[in-house]
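Those protein sequences? They're chains A, B and C, same order as listed. For the first sequence, the working numbering begins at 1 and goes up steadily by one. For the second sequence, the working numbering begins at 1001 and goes up steadily by one. For the third sequence, the working numbering begins at 2001 and goes up steadily by one. No residue lacks a Cβ here, since even glycine has one placed at the ideal position from N, Cα and C. One structure is given below, encoded as structure tokens.
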Amino acid sequence: MVRRTFWIFVVVVWFAVAGVGVYWLQEHQISDLQYARPYRDTLALPQIVDRDRADSDPAEEELPQLAELLSVGYEEMATSVLWLRVIQAFGAKLQHVRDNPLELRAIENFFWVITEFDPHFVEAYRFGNFVLGDEGGDQVAALRLLDRGIVRNYKQTYILPYEAIFICLNNLKNYKLARYYVRLALRSRNCPDYVKRTENYIALKRGNYEIALERWVRDELEAAMNHQKYVLEIARMQINNIVNQWHFSIIEAAMDRYFGRHEDYPARLEQLEEENLIGSVRQVDGPRLVQLLDAAENAGIPINEAVDVIMGAKNRRGCIIESNRVPRDLRGEPYLLLDDTVIPLQKRPEVVERQTLRKNVEGHLLAIRRRIEGYAKTTGRYPTVLEELPEMQPGAREQLARQDVAGMRWNYDPKTGTIRSYIFPEL
Amino acid sequence: MAAVVETFGLTKIYTLDFLDVEHGRLKLRLGRKRRQRVALKDLTLSVEKGEIFGLLGPNGAGKTTTLKILMGIIFPTRGKARILGRPLGDKWAKARLGFLPENPYFYDYLTGREFLKYYGQLYGIARRERERRADALLERVGLRDAASLPLKGYSKGMLQRIGLAQALLNDPEIVILDEPQSGLDPLGRKEIRDLILQLREEGKTVFFSSHILSDAEMVCDRVAILYGGELKNLGKLTDLLSARIKDYEIVARGVPAAVLEQWRSRVDRLLVQKDEAMMIVRQESDAREILSRLNELGAALVSFNPHRETLEEYFIAQVRGGANV
Amino acid sequence: MSKVWAIAFNTFKEAVRNRILYILLIFAVVLLLFSGVARELTISAQEKIIRSLGLGCINVFGLLIAVFVGIGLVYNELDKKTIYTIISKPIDRWQFILGKYFGLLLTIYVNVLIMTIFFYFSLYYQTFTSDEALAKIYASYPRGQTPGTLQHLGYLAAAMVRSAGGTIKTLCFFPDQVTANLQIVILMTCLELAIITAFAILYSSFSTPTLSAILTVFTFIIGRGNEDIIRYTWYLERKGLTSTAALMKYRGAQFAAHIAPNLKIFYSDTSYRALSDPPVVVDYYAIAYAVVYSALILSLAVLIFRRRNFK
């Protein structure tokens, strides 16, 4: 009886000690080790990235990839397992990928192996693009991977050339290549219709305003004809945007010339016109463009003809004019010059479209008016000054605009509780 | 009578490996002679229809080899054999054979009945007939109660019996048994003997091998004696064993010691135990004389046994000189 | 032949007793159900994970069963001498071999069927509980409300029942487009297993279980890497690594690769396709190849077995 108890005691003590020991090891020793341990080993697969280079041994092209050989035909399963692995690895090492070029190479090779096993695994190319490009910072490698995917799934899916477009545009700044990818995406299967509008953005990015405008005009007319409300809205917005950007570039160039002459920026845009700094430059006659667009939408003439008419290809009475006046926006309203009286004084003042400012102010006024109503309900009177509203205080959670744009104060009447703007009195 | 099993010069020579492990030691065999092991040499015999034929010999004499060759388990190096007039391996002949190997081993997990039905399938017996025969045979070998038990739980005796059952499944003309009494207790051995005799009653031929000579002596019509792979002797028991009486064994009780001492010189053997005396004399006249003397003395006669030459003695005489029993 | 079938069925019953079979089967089922969990680990391509892991599992475990159960098949009969009473029956040796083969094949196919059932179950379950399906369910609730735990569990249970129904429907040969492709892939796997089983029987008929296992696995590996091995040796030759010893090795490797079965035809077309893609076409050449090659190997096994002396 005593012996039995003794042994039970021994067993219990042993398990307790061992358990505590294991726990301590785990918490204190191993967890430190875990993060110090390099992960590279589990990502190291036989190197195949270099195989596709042009200068490699031509006989090597026939060489079965070592990894493929090793997988003995279970490539699909290997693909899935490797795919899970790479996702987990990526999740674990979000920040480190960018820092460590060796790991980046390993991950790139990993994706190459996965896609070697299953060339039609489109998600792998996309995820690889994301990891290598956006996270890892190596856009060239990402583009290489996408190229691999495009070649192996030629015209089977639009998404790979589509993602390649953005790499070329944003990172490589290679517009010709971007347009190549656009054309490729358009010829691929399941290509949605917004892809063709990517060319418009490319044109805009290159600064070809006129081309961009023409393309958007065409798209707008098509959308109107097909009753695609969403696309119509976008097209109109983009036309507005292009016109603004075009005109901004003209105005900014003129302001730079003014600065060169006077060592200072003009206070009013009319000064540019007075000193003839605009030059005889092509610009858009906004109202004319709108008028022509409306006419074209309702007339029902073929789109190509309409576009030619609008852009002035047929005759010279399209929307493009040559003038040395300060350009105006789409509604014919002049642009505003926002002059911040903030140091540095030599900063070029911002040109804004009137409409944009108006919307901002409208929004501010709406918010402030709502707040005043609320205040009136709770306290039974209107605030004497706007600063009474708690949201006006700096550091409040929902900060209201304390001033109007351009540093103007609000036009507030404490007796009636109405607030207006000096700049846009009609609001 | 027709010969149902005939062999003509059956020879089986095993070729051993050049380099081998034997008895735990590495053995290098050089030369063709060293590499050959003769298991059976020039065996020629024939078994007549309806007789019980015993193939006798010590272990390693080649009995099992012979039976295996006949059943097609191994192939002879030289020589031929015929069963029911057909060459070895003929299916028609096999359909009329029943075979029980030594130390039979069957599929563990089948029950007795399932096992017999499976083998019935291999014979090509139709289903209803299969079931009928399976039940009948289980009854005959006395395994009806254990029919639903898996063979795993069978004792050695039961395995032997179910083996007999499967050998009789197709109602064969010839029943071939390899050491049917090995490992059985005396009751089992008796049952086997009875069965063999019964089979002869049914008109079947029984060809079995054994090294239990007493049993063989009791049932066989003819025997063949094998030793070292060679056929030493073949023939009817009555022909092989001389019918003459070798000696007489007399056991008596109550004989005075003085008389026994007197007889000691005249008898071959005298063994005294308590008040019983066993004497062995050669001549019939001597035996008669002792008997009459016992009568006179009023001693009790316990037993009187004339010994004929037994198969065992004959056998030992034949294989004298290093029998590997 | 009814005798062949008798032996086959008996072999099946015997194989089913083998414990390794159950271990492998349980392992396979666990892995298949795990694939349902694995989809949570990936951000996209869930269906691909389940599909490829599942099909891969069926293939691998079919192979393992063929190897582990098949290697001892003939050898155990000879070793335990259960074959004595079989051979003494009016039955040809080739019927015996064929019976063993079909028995083993039956075992494997039954296991493949079980694994396929679990595979379809996982697949259907994934379809019913994928993000899109769950989103639809959530959308059907009034704005702002989400289904409670009980309702969620109830939906999962319903999904399981529907998966079971889908599995039964599919396996009774009313496959929709989705599963038709998978059926064909599994059919190809079964054909490949038929060839490998023939090899297992062949090796088992003349060597010990361990050696049979090694040989069968090697045959499988060479069979799958056929073309690659040949191309690799060509490449090495072209590169100029041709010492005599190396050349002998290459020739040997090429010889082995040529006579080994070309197992690539049974899986070369199974790269991931979207389930809406047009169906995989049944490759009749592959079926014929499997049948002819198995027959060839079995004939070889029979030839070896015919004149074999059993100890």
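Within the same chain, show all residues whose beta-carbon is closer than 7 Å to that of C/Leu2105, passing over the 5 residues directly before and after it, in chain order.
Excluding residues within five positions, the ones whose Cβ falls inside 7 Å are Ala2194, Thr2197.
Please report whether the beta-carbon of C/Ile2007 lies at a distance below 7 Å from any beta-carbon of chain A.
no
For C/Gly2240, would you say it is in contact with chain A, using Cβ-to-Cβ distances shorter than 7 Å as the test?
no
What three-state label does DSSP hand B/Phe1207 in the structure shown?
Assignment of B/Phe1207 by DSSP, reduced to helix, strand and coil, places it in the strand class.
Name the chain C residues whose beta carbon is nearer than 9 Å to that of B/Tyr1154?
Residues of chain C passing the Cβ test: none, with the nearest at roughly 14 Å.
Quick one: what does DSSP say B/Lys1049 is sitting in, helix, strand or coil?
coil
Would you call the segment 239 to 253 of chain A in contact with the segment 176 to 187 of chain A, where contact means no fewer than 3 C-beta pairs closer than 8 Å?
no
Using a Cβ-Cβ distance cut-off of 7 Å, determine whether C/Arg2019 contacts chain B.
Cβ-Cβ to chain B under 7 Å: no for C/Arg2019.
Distance CB(A/Leu221)-CB(A/Ile320) smaller than 7 Å:
With respect to the 7 Å criterion, A/Leu221 and A/Ile320 are not classified as neighbours on the basis of their beta carbons.
Amino acids of chain C, ordered along the chain, whose beta-carbon sits closer than 9 Å to that of A/Thr115:
Neighbours of A/Thr115 on chain C: none; closest Cβ ~11 Å, over 9 Å.
Among the residues of its own chain, which have a CB less than 7 Å from the CB of A/Leu336, if the five just before and after it don't count?
Val352, Arg354, Leu357
Along the chain, where does the alpha helix (DSSP H) containing A/Tyr125 start, and where does it finish?
Unbroken alpha helix (DSSP H) run through A/Tyr125: 122 to 129.
Between the segment 1142 to 1176 of chain B and chain C, which residues of the former have CB atoms less than 7 Å from a CB of the latter, in chain order?
Gln1166
Give me the residue from A/Gln283, A/Thr115, A/Ile310, A/Met237 with the minimum Cα distance to A/Asp428.
Beyond the ends of chain A as shown, which are 1 and 427, falls residue 428 of chain A; an answer cannot be given.
Mind checking if A/Val151 is an interface residue toward chain C, Cβ cutoff 7 Å exclusive?
no
How would you write the range of the alpha helix (DSSP H) that B/His1307 sits in, first residue to last?
B/His1307 -> not in any alpha helix (DSSP H); beta strand (DSSP E) instead, spanning 1300 to 1308.
Which two residues bound the contiguous alpha helix (DSSP H) that contains A/Ile320?
That residue, A/Ile320, is in no alpha helix (DSSP H); its beta strand (DSSP E) goes 320 to 323.
Whole-angstrom Cβ separation of B/Arg1253 and B/Asp1268, contact assumed at under 8 Å?
Actually they do not touch by this definition, with Cβ atoms about 20 Å apart.
Could you pull out every residue in the same chain whose Cβ sits closer than 7 Å to the Cβ of C/Ile2108, ignoring the five residues on either side in sequence?
Gly2062, Ile2065, Ala2066, Leu2193, Thr2197
Starting from the beta carbon of C/Ser2044, find every residue of chain A whose beta carbon is closer than 7 Å, and list them in chain order.
Glu123
For A/Arg148, tell me which candidate among A/Phe248, A/Val113, A/Tyr23, A/Arg420 has the shortest Cα-Cα distance.
A/Val113
For the alpha helix (DSSP H) holding A/Val307, just list the boundary residues, first then last.
303 to 311
Taking 7 Å as the CB-CB limit, is B/Tyr1105 close to chain C?
yes
Spatial neighbours of B/Gly1098 within its chain, please: CB distance less than 6 Å, with the 5 preceding and 5 following residues excluded, ordered by chain position.
Ala1167, Leu1168, Pro1172, Val1175
Does the Cβ of C/Val2282 have 16 or more other Cβ atoms within 10 Å, making it buried, or fewer, making it exposed?
exposed
For A/Leu365 and A/Leu425, the rounded distance between their alpha carbons:
Checking the sequence, you will find Pro at residue 425 of chain A rather than Leu. Going from the Cα of A/Pro425 to the Cα of A/Leu365 covers about 11 Å.
Quick one: what's got a C-beta closer than 8 Å to C/Phe2266's C-beta in the same chain, skipping five residues either side?
Met2188, Thr2189, Leu2191, Glu2192, Ala2286, Ala2290
Out of curiosity, what's the CA-to-CA distance linking A/Tyr154 and C/Trp2094?
53 Å
Could one say the Cβ of C/His2258 lies closer than 7 Å to chain B's Cβ atoms, at least one of them?
no
Exposure label - C/Met2248; buried when at least 16 CB within 10 Å:
exposed
With H, G and I counted as helix, E and B as strand and the rest as coil, what does DSSP make of A/Met408?
coil
Here's the rule I'm using: 16 or more other beta-carbon atoms within 10 Å means buried, otherwise exposed. How should A/Glu163 be labelled?
buried
In the DSSP assignment, what are the bridge partners of B/Tyr1248?
B/Val1281, B/Pro1306
Same chain, Cβ closer than 6 Å to B/Glu1230, five either side skipped, listed in chain order
Lys1041
Taking Cβ positions only, does C/Leu2041 come closer than 7 Å to chain A?
yes
The segment 2117 to 2131 of chain C / the segment 2028 to 2045 of chain C touching (three or more Cβ pairs under 8 Å):
yes
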